[in-house]
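Engineer:
4 protein chains.
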Amino acid sequence: MARPSEPPYVAVAGAGDASPAMLEAAAEVGALLARRGAVLVTGGLGGVMEAACRGACEAGGTTLGILPGSDRGAANPWVTVAVATGLGQLRNGLVVRAADAVIAIGGEYGTLSEIALALKAGKRVVGLGTWEIRGMRCAENPAAAVALALA
Amino acid sequence: MARPSEPPYVAVAGAGDASPAMLEAAAEVGALLARRGAVLVTGGLGGVMEAACRGACEAGGTTLGILPGSDRGAANPWVTVAVATGLGQLRNGLVVRAADAVIAIGGEYGTLSEIALALKAGKRVVGLGTWEIRGMRCAENPAAAVALALA
Amino acid sequence: MARPSEPPYVAVAGAGDASPAMLEAAAEVGALLARRGAVLVTGGLGGVMEAACRGACEAGGTTLGILPGSDRGAANPWVTVAVATGLGQLRNGLVVRAADAVIAIGGEYGTLSEIALALKAGKRVVGLGTWEIRGMRCAENPAAAVALALA
Amino acid sequence: MARPSEPPYVAVAGAGDASPAMLEAAAEVGALLARRGAVLVTGGLGGVMEAACRGACEAGGTTLGILPGSDRGAANPWVTVAVATGLGQLRNGLVVRAADAVIAIGGEYGTLSEIALALKAGKRVVGLGTWEIRGMRCAENPAAAVALALA
Numbered sequence: 153m154a155r156p157s158e159p160p161y162v163a164v165a166g167a168g169d170a171s172p173a174m175l176e177a178a179a180e181v182g183a184l185l186a187r188r189g190a191v192l193v194t195g196g197l198g199g200v201m202e203a204a205c206r207g208a209c210e211a212g213g214t215t216l217g218i219l220p221g222s223d224r225g226a227a228n229p230w231v232t233v234a235v236a237t238g239l240g241q242l243r244n245g246l247v248v249r250a251a252d253a254v255i256a257i258g259g260e261y262g263t264l265s266e267i268a269l270a271l272k273a274g275k276r277v278v279g280l281g282t283w284e285i286r287g288m289r290c291a292e293n294p295a296a297a298v299a300l301a302l303a
Numbered sequence: 153m154a155r156p157s158e159p160p161y162v163a164v165a166g167a168g169d170a171s172p173a174m175l176e177a178a179a180e181v182g183a184l185l186a187r188r189g190a191v192l193v194t195g196g197l198g199g200v201m202e203a204a205c206r207g208a209c210e211a212g213g214t215t216l217g218i219l220p221g222s223d224r225g226a227a228n229p230w231v232t233v234a235v236a237t238g239l240g241q242l243r244n245g246l247v248v249r250a251a252d253a254v255i256a257i258g259g260e261y262g263t264l265s266e267i268a269l270a271l272k273a274g275k276r277v278v279g280l281g282t283w284e285i286r287g288m289r290c291a292e293n294p295a296a297a298v299a300l301a302l303a
Numbered sequence: 153m154a155r156p157s158e159p160p161y162v163a164v165a166g167a168g169d170a171s172p173a174m175l176e177a178a179a180e181v182g183a184l185l186a187r188r189g190a191v192l193v194t195g196g197l198g199g200v201m202e203a204a205c206r207g208a209c210e211a212g213g214t215t216l217g218i219l220p221g222s223d224r225g226a227a228n229p230w231v232t233v234a235v236a237t238g239l240g241q242l243r244n245g246l247v248v249r250a251a252d253a254v255i256a257i258g259g260e261y262g263t264l265s266e267i268a269l270a271l272k273a274g275k276r277v278v279g280l281g282t283w284e285i286r287g288m289r290c291a292e293n294p295a296a297a298v299a300l301a302l303a
Numbered sequence: 153m154a155r156p157s158e159p160p161y162v163a164v165a166g167a168g169d170a171s172p173a174m175l176e177a178a179a180e181v182g183a184l185l186a187r188r189g190a191v192l193v194t195g196g197l198g199g200v201m202e203a204a205c206r207g208a209c210e211a212g213g214t215t216l217g218i219l220p221g222s223d224r225g226a227a228n229p230w231v232t233v234a235v236a237t238g239l240g241q242l243r244n245g246l247v248v249r250a251a252d253a254v255i256a257i258g259g260e261y262g263t264l265s266e267i268a269l270a271l272k273a274g275k276r277v278v279g280l281g282t283w284e285i286r287g288m289r290c291a292e293n294p295a296a297a298v299a300l301a302l303a
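Protein chains in written order, with this note's numbering: chain A, 153 to 303; chain B, 153 to 303; chain C, 153 to 303; chain D, 153 to 303.
#1: What are the start and end residues of the beta strand (DSSP E) that includes Ile257 (chain D)?
#2: Strictly by DSSP, which residues pair up with Leu192 (chain B)?
#3: Determine the direct distance from the alpha carbon of Met174 (chain B) to that of Val235 (chain B), and round the result to whole angstroms.
#4: Verify whether the separation of the beta carbon atoms of Gly262 (chain C) and Lys275 (chain D) is less than 8 Å.
#5: Given this structure, state the Cα-to-Cα distance separating Gly213 (chain B) from Thr215 (chain D), to the nearest angstrom.
#6: Please classify Leu185 (chain A): does DSSP put it in a helix, a strand, or coil?
#7: Please tell me whether Leu242 (chain D) has its Cβ less than 8 Å away from any Cβ of chain C.
#8: Specify the secondary structure class of Val298 (chain D) as computed by DSSP and reduced to three states.
#9: Where DSSP assigns a beta bridge to Ala250 (chain A), which residues make up the other side?
#10: Return the chain-ordered list of same chain residues with a C-beta closer than 8 Å to the C-beta of Met153 (chain B), the five sequence neighbours on each side being excluded.
#11: So, does the CB of Lys272 (chain A) fall closer than 8 Å to a CB anywhere in chain G?
#12: In angstroms, rounded to a whole number, what distance separates the CA positions of Leu197 (chain A) and Arg206 (chain A)?
#13: Which residues mark the beginning and the end of the alpha helix (DSSP H) in which Gly279 (chain B) is found?
#14: What are the residues in the segment 193-215 of chain C lying within 7 Å of chain B by C-beta distance?
#15: Can you tell me whether Ala167 (chain B) is buried or exposed, with buried defined as 16 or more other CB within 10 angstroms of its CB?
#16: For Leu206 (chain A), name the three-state secondary structure that DSSP assigns.
#17: DSSP on Ala303 (chain B), reduced to helix/strand/coil?
#18: Flag Leu219 (chain B) as yes if its beta-carbon sits less than 8 Å from any beta-carbon of chain D, otherwise no.
#19: Helix or strand or just coil, what does DSSP make of Arg155 (chain C)?
#20: Suppose contacts are defined by Cβ-Cβ distances below 8 Å. Is Ser265 (chain B) in contact with Ala268 (chain A) by that definition?
#21: Return the chain-ordered list of same chain residues with a C-beta closer than 6 Å to the C-beta of Pro159 (chain C), the five sequence neighbours on each side being excluded.
#22: Mind checking whether Ala178 (chain A) and Val248 (chain A) have CB atoms under 8 Å apart?
#23: Interface residues of chain D around Gly238 (chain B) at Cβ under 7 Å?
#24: Is the Cβ of Leu246 (chain D) closer than 8 Å to any Cβ of chain A?
#25: If the cut is a Cβ gap below 9 Å, which residues of chain C does Tyr261 (chain D) touch?
#26: Counting only Cβ pairs nearer than 9 Å, list the residues of chain D close to Leu280 (chain C).
#27: Name the chain D residues that come within less than 8 Å of Val317 (chain A), Cβ to Cβ?
#28: How many angstroms separate the CA atom of Ala291 (chain A) from the CA atom of Val298 (chain A)?
#29: Measuring only the C-alpha atoms, how far is Ala203 (chain D) from Gly258 (chain D)?
#30: Looking only at DSSP bridge pairs, what is Ala236 (chain A) linked to?
#31: Taking the C-alpha atoms as reference points, what is the distance between Gly225 (chain B) and Gly240 (chain B)?
#32: Which partner residues of Arg286 (chain A) appear in the DSSP bridge assignment?
#33: Do you know whose CA, among C:Thr282, C:Val277, C:Leu302, C:Ala295, lies nearest Arg289 (chain C)'s CA?
#34: What first and last residue would you give for the alpha helix (DSSP H) that runs through Glu304 (chain C)?
#35: Does the beta carbon of Leu264 (chain C) sit closer than 8 Å to a beta carbon anywhere in chain D?
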């Protein structure tokens with residue numbers, strides 16, 4: 153979908169509540185995506201979303217946060233550009249649309265909705281310690297997840 | 153959510169392509185919902201959606217079809233009131249929002265997205281030959297599915 | 153857009169706060185649309201929306217209410233089928249999409265957004281005591297408005 | 153709405169087809185917004201949107217393009233971060249929500265819908281050679297428009 157000269161956009165989907173191991177994995181995914189020149193797309197809030205954004209920012213990357221609420225102030229501090237949608241969970245579909253591929257981390261329902269919508273749209277979906285749904289790829293670690301997402 | 157004097161709204165989520173057994177089950181679910189006075193909400197297209205609408209209509213019920221496209225003409229002929237949204241798969245989230253409970257039939261990705269969004273929103277989700285996701289109830293047959301959805 | 157055998161869908165756009173004369177006009181528009189077999193689409197709330205729905209219902213018609221909030225209970229009592237969207241004012245765009253033509257009554261900003269979106273989409277827009285925007289038709293009374301909308 | 157340490161987000165609404173004078177004004181608005189540290193929000197396409205983005209980029213600013221289609225490739229080349237929404241004209245409402253204030257340039261229906269939605273949401277709306285709707289401020293030139301938008 154991207155023009156040749158454009159960066160890929162990759163979404164990281166994951167819960168606001170996550171274990172330290174999940175957060176560490178998310179930060180590494182964000183950093184690796186940034187080093188590959190990708191724009192990171194998330195739901196803009198805390199937990200996995202914030203960790204991925206922090207990793208990307210610290211590696212010099214750009215992050216797009218597509219928020220459920222109408223208040224941009226809810227974005228985590230590592231969001232470069234925030235979109236306050238006021239759409240609630242319907243913004244999950246916008247996160248998927250805005251991205252070329254999705255990396256799902258952890259096991260929350262919102263994450264599952266993003267996996268399903270991305271598979272429905274024929275986009276590449278990579279999982280890291282998350283739901284296992286036919287059609288998605290499972291990665292053993294952040295490096296493998298990023299490699300699969302950008303393959 | 154419904155006012156006491158109002159009918160419940162129940163969504164039937166399912167694929168446009170479905171087996172004869174799935175279609176028969178969907179039609180029976182639609183008929184049973186109509187007999188219980190519920191308004192049937194679907195994505196308005198064919199397959200499971202059409203079978204459920206047909207069952208509901210033949211039992212004297214009302215059906216709401218929330219279409220992905222902008223053309224109301226795409227609605228199946230058993231849709232009482234059609235909403236042409238032009239939202240594509242984001243309309244799945246509207247199907248869930250419009251309903252108090254969701255009955256999922258069959259195993260497509262769009263259906264999975266509706267299951268996930270409904271569980272995320274704290275709504276009752278009943279499955280009939282579909283994905284098995286923690287938090288949803290599994291029914292053995294249409295009568296059990298409708299009973300669980302309206303419990 | 154409608155299949156030949158299908159009813160037209162006509163939106164009535166107008167404010168929740170309206171003068172008695174506006175409400176009377178809205179009720180008459182609703183009744184005339186119902187007598188012509190049209191499905192009435194509104195934003196589902198009070199004022200002009202409620203008056204139009206009441207007029208349509210009392211004339212035996214069907215009304216579709218596309219609500220801004222997530223609670224179906226906010227619909228006025230004359231809404232036949234309610235869609236709780238949770239989209240806030242973005243639901244104005246869905247009201248326009250769901251309809252073949254728009255009759256605007258009174259002068260509120262939400263009404264103006266519906267006029268503009270309908271004109272942008274190339275739909276017929278009729279005004280009754282409302283904004284005068286190039287491209288829309290102005291009607292002198294409810295009968296003329298309905299005749300223009302269904303022409 | 154913005155946190156004190158955050159930049160303001162200002163939308164520039166305008167048509168894809170515009171006169172050279174309009175385009176020049178839009179580019180100057182974009183440049184002035186960038187120099188004031190604002191993030192520029194547009195619908196991401198050509199004409200006024202592209203001119204404003206070009207002005208902002210050349211002045212070192214950041215631009216957010218909220219596209220109607222599903223293909224990010226439709227963004228003009230001066231969009232820093234693109235959101236491919238697939239929502240069609242409903243994305244106009246997202247442009248408004250994402251911004252703290254709106255500067256409208258030129259006289260198209262889509263622009264009018266953004267003016268109306270922003271006024272409905274209680275946001276500041278400044279016009280430059282566009283519709284004159286009660287509640288919005290009219291500016292004589294780009295500098296005045298930016299000053300009013302950021303006041």
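The beta-carbon is built from N, C-alpha and C at its ideal position, and this holds for glycine as well.
Structural biologist: From the atom records:
#1: Counting along the chain, the beta strand (DSSP E) containing Ile257 (chain D) begins and ends at 253-257.
#2: The beta-bridge partner set that DSSP reports for Leu192 (chain B) consists of B:Val162, B:Thr215.
#3: If I take the Cα positions, the gap works out to 25 Å.
#4: In this structure, Lys275 (chain D) does not lie closer than 8 Å to Gly262 (chain C) by Cβ.
#5: Each residue's Cα considered, the two are about 50 Å apart.
#6: In the structure shown, Leu185 (chain A) sits in a helix (DSSP, three-state: H, G or I).
#7: For Leu242 (chain D), the nearest CB of chain C lies under 8 Å from its own CB, placing it at the interface with that chain.
#8: Residue state, collapsed to three classes: helix.
#9: Answer is none; Ala250 (chain A) lacks a bridge partner.
#10: Any reading at Met153 (chain B) must be qualified, since the residue scores a pLDDT of 39, below 50, and its modelled position is unreliable; no value is offered.
#11: In the displayed structure, chain G is absent; the protein chains listed are A, B, C and D.
#12: A straight-line Cα-Cα distance of about 12 Å links Leu197 (chain A) and Arg206 (chain A).
#13: Bounds of any alpha helix (DSSP H) do not take in Gly279 (chain B); it lies within the beta strand (DSSP E) bounded by 276-280.
#14: Within the segment 193-215 of chain C, the residues whose Cβ lies closer than 7 Å to some Cβ of chain B are Thr214, listed in chain order.
#15: Under this definition Ala167 (chain B) is a buried residue.
#16: The sequence shown places Arg at residue 206 (chain A), rather than the Leu named in the question. Helix.
#17: Taken through DSSP and simplified to helix, strand or coil, Ala303 (chain B) comes out as coil.
#18: Interface criterion not met: the Cβ of Leu219 (chain B) is under 8 Å from no Cβ in chain D.
#19: In this predicted model, Arg155 (chain C) has a pLDDT of only 47, less than 50, meaning its place in the structure is not dependable enough to derive any value.
#20: In this structure, Ala268 (chain A) lies closer than 8 Å to Ser265 (chain B) by Cβ.
#21: Excluding positions up to five away in sequence, the list reads Gly189, Ala190, Val191.
#22: It is not a contact, given that the beta carbons lie outside the stated cut-off.
#23: Chain D residues near Gly238 (chain B): Gly240.
#24: So yes, Leu246 (chain D) belongs to the interface.
#25: What Tyr261 (chain D) touches in chain C: Ile267, Ala268, Leu269, Ala270, Leu271, Lys272, Ala273, Ile285, Gly287.
#26: What Leu280 (chain C) touches in chain D: nothing, since even the nearest Cβ is about 18 Å away.
#27: Outside the displayed span of chain A (153 to 303) sits residue 317 (chain A), for which this structure offers no information.
#28: C-alpha separation (whole angstroms): 9 Å.
#29: When only Cα atoms are considered, Ala203 (chain D) and Gly258 (chain D) end up about 13 Å apart.
#30: Answer is A:Leu219, bridged to Ala236 (chain A).
#31: Their backbone Cα atoms lie some 15 Å apart in a straight line.
#32: Its beta-bridge partners do not exist; DSSP assigns none.
#33: Nearest option by C-alpha distance: C:Val277.
#34: Residue coverage of chain C in this structure runs from 153 to 303, which leaves residue 304 (chain C) outside it and unanswerable.
#35: By this cut-off, Leu264 (chain C) is an interface position.
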